[in-house]
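What follows is a single structure, written as structure tokens, with notes after it.
Protein chains: 2
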Amino acid sequence: MVKKHAPPRSAPTLSDVAQEAGVSTATVSRCLNSPERVVESTRQRVMAAVERLEYTPNFAARAMVAKRSYTIGAIIPTMENAIFARGLQAFQDALSDQGYTLLVSSSAYRPELEAAQIRTLVARGADGLLLIGHDRDEGIYDYLAQHRVPALVAWSYAPDARSPSVGFDNRSAMAELAQHVLDLGHRRIAMISGFAAGNDRARSRVLGARDAFIANGLDPEALRVVETSYDFEKGARAFEEIVTQQPDVTAVICGNDVLAAGALQEARRLGIAIPEQISVTGFDDIELAAVVSPALTTVHVPHREMGRQAAHALIAMVAAASQQAALPDVSQCISTKVVSRASLSPPPG
Amino acid sequence: MVKKHAPPRSAPTLSDVAQEAGVSTATVSRCLNSPERVVESTRQRVMAAVERLEYTPNFAARAMVAKRSYTIGAIIPTMENAIFARGLQAFQDALSDQGYTLLVSSSAYRPELEAAQIRTLVARGADGLLLIGHDRDEGIYDYLAQHRVPALVAWSYAPDARSPSVGFDNRSAMAELAQHVLDLGHRRIAMISGFAAGNDRARSRVLGARDAFIANGLDPEALRVVETSYDFEKGARAFEEIVTQQPDVTAVICGNDVLAAGALQEARRLGIAIPEQISVTGFDDIELAAVVSPALTTVHVPHREMGRQAAHALIAMVAAASQQAALPDVSQCISTKVVSRASLSPPPG
DNA sequence: ATCGTCAATGCAAGCGCTTACATGTTGATT
DNA sequence: AATCAACATGTAAGCGCTTGCATTGACGAT
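Read top to bottom, the protein sequences are chains A and B.
Heads up: the first sequence is residues 44 to 392, going by this note's numbering.
Heads up: the second sequence is residues 44 to 392, going by this note's numbering.
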């Protein structure tokens, strides 16, 4: 007779544990979810059975009945560069602490992809969503509202937008940085910006720079802006374009550190001394900013702090939503500050 | 009399659709999952109802009965720096193309955290897991086997390890780079490595460097190794330690580009010219490597390619597992190559 | 006309869990 | 000793879906 293997025991279920411990499934469930409701002695017996069987509750089943998945979705424009990485890491850490899991997607800065991913995440039962920036189709907010999935916007603070946000004021942050540039005496300034379409952060930063021009009695249109995608290489190309077409610029304000690093690299290639001939500034203060040479003068954004706050805010929203309560006001403006490093100095001459 | 709102219609279910279309739930389910099994006319009626109600299947319910979640979990040591970002992005893109969603966690290089996260992801019903490196407790592999969750290791190739892997040969890649260093005439060499404990990649890289020493008839113990965590600042400190204690070194091999960038920064601070006084090398070839100055000589790892391949491999494993089939052999060694840039030159003198 | 066949559809079980409600125990109170 | 909280535990319904099996009816063959 052929020796029978033990049937490939598939994952133990609640009732396996119940049987093993000699109690009902309800008791096991209670041990796991509200241990105070079951008496010490039973609990120990149950827990022992749980250990012995290496039981782990089936998530789908739990989510189905609880109508909560303890999952948060995040859709970021890209995972490739470090812009969102640090903040997202902090976001995830804070989430884990509260027993939530993170589902991430990246949209490659493409609105239609983002919309599709939002639907996917909602269909997957995400309890809440983290979105970057405010700029998106109204219909998406309707969809979210209808499905009762709270969404929080990060990386951009806008108190009266459709969604609450935990972020910073891109516009005034950039205005402050531009003011530094102007204070040093620069007047022929160009800006390399991320594409403005569908990106309120990029747009606000340009507006901020122009604000500073206005505040100094200058024509804001004198700020030449080159738009491109957030990419080293693109930053380099934009810088090249600027110095070719406008050889007299003395400062180039970049929409973020990645673009600025690209500009620096191109400058080196072209033999342009930074900051002696041209000053360059960044935005975000990712690690890169301090490592390139010359180190970048940039706007420091406390990404970790923002990520953590965003997690708490979103969890609060989810909790409120699950009790049908009114959404709490969780919006928060995280403050930024300009950090001065070597890449910015007075104009030559 | 108070005007009643329509009851906050919660998400429509299969049976809502069935009723709307005048068919049974089974038919609706079939329309959605195997449309060829239902006749054209009925299908149209059902689809119309689906549209009208804006029905989206409940994911948890589906996952529960199908025992498939179309979710892949990935646990990476950190999201903070760009080491894993690019590969993970490619991994995610490939996954999305196949209808899978990615669940990510980061373990902060802490084994116990990683173990906990593996359990969480399995409990969450991940169909498969992407893990970085081979080094972990045997028990984890047992756990995974018992739960029938296929796991693929990436960033490290080891054909006879417990798990299949899609990665590169850290050891020989580093040996090749070290050979370049030796070829230039360097003999007093130090290495800044990531912590070796629990990190086979870090260990292999050190071994690789020693291999090159041996191949050149040198004492492998002559390679002084400083271990630290993968962090700019730590790289800087380690570099400082090395040049203080061994002022005669002419080359510092770093375990990755982040450490190397830290070393570069510290060298600048100390007024040490790279590569004139000391050469520095990295590993990974993340974008950073080309942007710092001097640009880093490093080992180029095709992260995107690796991510994509890993996704396909893992999906194949999941498919096999779900049909109880034997796991296909998906292991793959991705080839790397040394890229020479300015940070490495012959020793002074 | 009768029967068999097969495609289309319906019926109903059950996935693993939570929870309202029912039942059983205990000990304090009178 | 009888009564009754108050609490511990069990019973069982059902969450939304898929799927094996039963049923129906149309059609061609006899």
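Glycine is no exception: its CB is placed at the ideal position from the N, C-alpha and C atoms.
Notebook entry, point to check: First and last residue of the beta strand (DSSP E) that includes B/Gly210?
Noted result: By one-based count along the second sequence, residue 210 of chain B stands at place 167. First-last of the beta strand (DSSP E) with B/Gly210: Ser208 to Gly210.
Check: In the DSSP assignment, what residue or residues form a beta bridge with B/Arg267?
Finding: Against the second sequence, residue 267 of chain B aligns to sequence position 224. Beta-bridge pairing links B/Arg267 to B/Ala233.
Note to self: If I follow the unbroken beta strand (DSSP E) through B/Leu172, where does it start and stop?
What the structure shows: Translated into positions along the second sequence, residue 172 of chain B becomes position 129. Under the DSSP assignment, B/Leu172 falls in the beta strand (DSSP E) whose first and last residues are Gly171 to Ile175.
Check: According to a CB-to-CB cut-off of less than 8 Å, which residues of the segment 330-351 of chain A neighbour chain B?
Finding: Near chain B, meaning a CB-to-CB distance below 8 Å, the residues of the segment 330-351 of chain A are Glu330, Leu331, Ala333, Val334, Val335 and Ser336.
Item checked: Within chain A, the residues that B/Val323 reaches when beta carbons sit closer than 7 Å -> Residue 323 of chain B sits at position 280 when you count from the first residue of the second sequence. Simply none; closest approach about 13 Å.
Notebook entry, point to check: Leaving out five residues before and five after B/His355 in sequence, what residues of the same chain have Cβ atoms less than 7 Å from its Cβ?
Noted result: Taking the second sequence and counting its residues from 1, one reaches residue 355 of chain B at position 312. So the list reads Ala137, once near-sequence residues are dropped.
Next item on the list: Could you tell me which chain A residues have their CB closer than 8 Å to the CB of B/Ala128, listed as they occur along the chain?
Entry: For the purposes of this step, residue 128 of chain B is taken as residue 85 along the second sequence, with counting starting at 1. Ordered by position in chain A, the residues that pass the 8 Å Cβ test against B/Ala128 are Met122, Glu123, Asn124, Ala125 and Ala128.
Check: Taking Cβ to Cβ, would you say B/Ala169 is nearer than 8 Å to B/Val192?
Finding: Numbered from its first residue, the second sequence carries residue 169 of chain B at position 126. Numbered from its first residue, the second sequence carries residue 192 of chain B at position 149. It is a contact, given that the beta carbons lie within the stated cut-off.
Next item on the list: Could you tell me whether the Cβ of B/Gln62 comes closer than 8 Å to any Cβ of chain A?
Entry: In the second sequence, residue 62 of chain B corresponds to position 19, counting from 1. No, B/Gln62 lies away from the interface with chain A (no Cβ there is under 8 Å from its Cβ).
Item checked: Touching by the beta-carbon criterion (3+ pairs, under 8 Å), the segment 204-219 of chain B and the segment 344-361 of chain B -> Yes, the segment 204-219 of chain B is in contact with the segment 344-361 of chain B.
Notebook entry, point to check: Considering only the beta carbon of each residue, do A/His229 and A/Ala316 sit closer than 8 Å?
Noted result: Walking along the first sequence from the start, residue 229 of chain A turns up at place 186. Walking along the first sequence from the start, residue 316 of chain A turns up at place 273. No, they are not a contact pair.
Checklist line | Residue closest to A/Ala54, alpha-carbon to alpha-carbon, out of B/Glu283, B/Gln189 and B/Thr70 | finding: For this step, residue 54 of chain A is matched to residue 11 along the first sequence. Checking every option, the nearest Cα to that of A/Ala54 belongs to B/Gln189.
Note to self: Going by beta-carbon coordinates alone, are A/Thr85 and A/Val60 separated by less than 8 Å?
What the structure shows: For the purposes of this step, residue 85 of chain A is taken as residue 42 along the first sequence, with counting starting at 1. For the purposes of this step, residue 60 of chain A is taken as residue 17 along the first sequence, with counting starting at 1. No; because the gap between Cβ atoms is not below 8 Å, this pair is not in contact.
Check: Between the segment 234-252 of chain B and chain A, which residues of the former have a C-beta closer than 8 Å to a C-beta of the latter?
Finding: Interface annotation for the segment 234-252 of chain B against chain A: empty, criterion Cβ-Cβ distance under 8 Å.
Check: Where does B/Ile377 fall in DSSP's three states?
Finding: To locate residue 377 of chain B, count along the second sequence from 1; it is residue 334. In the structure shown, B/Ile377 sits in coil (DSSP, three-state: anything other than H, G, I, E or B).
Note to self: Using the Cβ count rule (16 or more neighbours within 10 Å means buried), how would you classify A/Ala240?
What the structure shows: Numbered from 1 along the first sequence, position 197 holds the residue referred to as residue 240 of chain A. Looking at its Cβ environment, which holds fewer than 16 other Cβ atoms inside 10 Å, A/Ala240 is exposed.
Next item on the list: Closer than 8 Å, Cβ to Cβ, to anything on chain B: give me those residues from the segment 273-300 of chain A, in chain order.
Entry: Those would be Phe275, in chain order.
Notebook entry, point to check: Three or more beta-carbon pairs under 8 Å between the segment 178-188 of chain A and the segment 319-339 of chain A, yes or no?
Noted result: No contact exists between the segment 178-188 of chain A and the segment 319-339 of chain A.
Check: Just how far apart, CA to CA, sit B/Ala218 and B/Trp198?
Finding: Position 175 of the second sequence, counted from the start, is the residue given in the question as residue 218 of chain B. Position 155 of the second sequence, counted from the start, is the residue given in the question as residue 198 of chain B. In a straight line, the C-alpha of B/Ala218 is about 17 Å away from that of B/Trp198.
Item checked: Beta carbon of B/Pro318 nearer than 8 Å to that of B/Ala385 -> Position 275 of the second sequence holds residue 318 of chain B. Position 342 of the second sequence holds residue 385 of chain B. Yes.
Item checked: Cβ neighbour criterion (16 or more within 10 Å) applied to A/Asn76 -> Against the first sequence, residue 76 of chain A aligns to sequence position 33. Flag for A/Asn76 reads exposed.
Note to self: Going by C-alpha to C-alpha distance, which of B/Arg267, B/Glu155 and B/Gln288 sits closest to B/Ile296?
What the structure shows: Along the second sequence, read from residue 1 onward, the residue named residue 296 of chain B stands at position 253. Ranking the options by Cα distance to B/Ile296, first place goes to B/Arg267.
Margin query: If we define contact as Cβ-Cβ less than 8 Å, is A/Ser112 a contact residue for chain B?
Written below: Taking the first sequence and counting its residues from 1, the one referred to as residue 112 of chain A is at position 69. So yes, A/Ser112 belongs to the interface.
Notebook entry, point to check: Which class does B/Asp23 belong to by DSSP, given the choice of helix, strand or coil?
Noted result: No information on residue 23 of chain B is available, as it lies outside the stretch 44 to 392 that chain B covers here.
Next item on the list: Put B/Val196 into one of helix, strand or coil per three-state DSSP.
Entry: Translated into positions along the second sequence, residue 196 of chain B becomes position 153. Note: B/Val196 maps to strand in three-state DSSP.
Check: From the DSSP output, which residues share a beta bridge with B/Ala294?
Finding: Locating residue 294 of chain B in the second sequence gives position 251, counting from the first residue. B/Ala294 pairs with B/Ile232 and B/Ser322.
Check: Under three-state DSSP, which class holds B/Ser388?
Finding: Position 345 of the second sequence, counted from the start, is the residue given in the question as residue 388 of chain B. DSSP places B/Ser388 in coil when its eight states are reduced to three.
Checklist line | Where the alpha helix (DSSP H) through B/Val249 begins and ends | finding: Position 206 of the second sequence holds residue 249 of chain B. Unbroken alpha helix (DSSP H) run through B/Val249: Asp243 to Ala258.
Check: Quick one: what's A/Ala117 bridged to in DSSP?
Finding: Along the first sequence, one-based indexing puts residue 117 of chain A at 74. According to DSSP, A/Ala117 bridges with A/Val147 and A/Leu173.
Notebook entry, point to check: Out of curiosity, what's the CA-to-CA distance linking A/Gln135 and A/Val147?
Noted result: Here residue 135 of chain A is taken as the residue at index 92 of the first sequence, counted from 1. Here residue 147 of chain A is taken as the residue at index 104 of the first sequence, counted from 1. Whole-angstrom Cα-Cα distance: 10 Å.
Next item on the list: Could you tell me which of A/Ala252, A/Leu227, A/Leu225 and A/His223 sits nearest to A/Ser236, measuring between CA atoms?
Entry: Walking along the first sequence from the start, residue 236 of chain A turns up at place 193. With distances taken between CA atoms, A/Ser236 lies nearest to A/Ala252 out of A/Ala252, A/Leu227, A/Leu225 and A/His223.
Note to self: Within 8 Å, do at least three Cβ pairs link the segment 356-363 of chain B to the segment 373-385 of chain B?
What the structure shows: With three or more CB-CB distances shorter than 8 Å, the segment 373-385 of chain B counts as touching the segment 356-363 of chain B.
Check: In terms of DSSP beta bridges, what is A/His190 paired with?
Finding: The sequence position of residue 190 of chain A within the first sequence is 147, counting from 1. None, per the DSSP bridge assignment.
Check: Looking at B/Glu155 and A/Phe275, is the spacing between their C-beta atoms short of 8 Å?
Finding: The residue labelled residue 275 of chain A in the question sits at position 232 within the first sequence. The residue labelled residue 155 of chain B in the question sits at position 112 within the second sequence. Taking 8 Å as the Cβ cut-off, A/Phe275 and B/Glu155 do not qualify as a contacting pair.
Check: Could one say the Cβ of B/Ser383 lies closer than 8 Å to chain A's Cβ atoms, at least one of them?
Finding: Residue 383 of chain B sits at position 340 when you count from the first residue of the second sequence. Using beta-carbon distances, B/Ser383 does not count as an interface residue toward chain A, since no partner is under 8 Å.
Item checked: Short CB-CB distance (under 8 Å) between A/Val411 and chain B -> This structure does not reach residue 411 of chain A, given that chain A is present from 44 up to 392, and the question cannot be answered.
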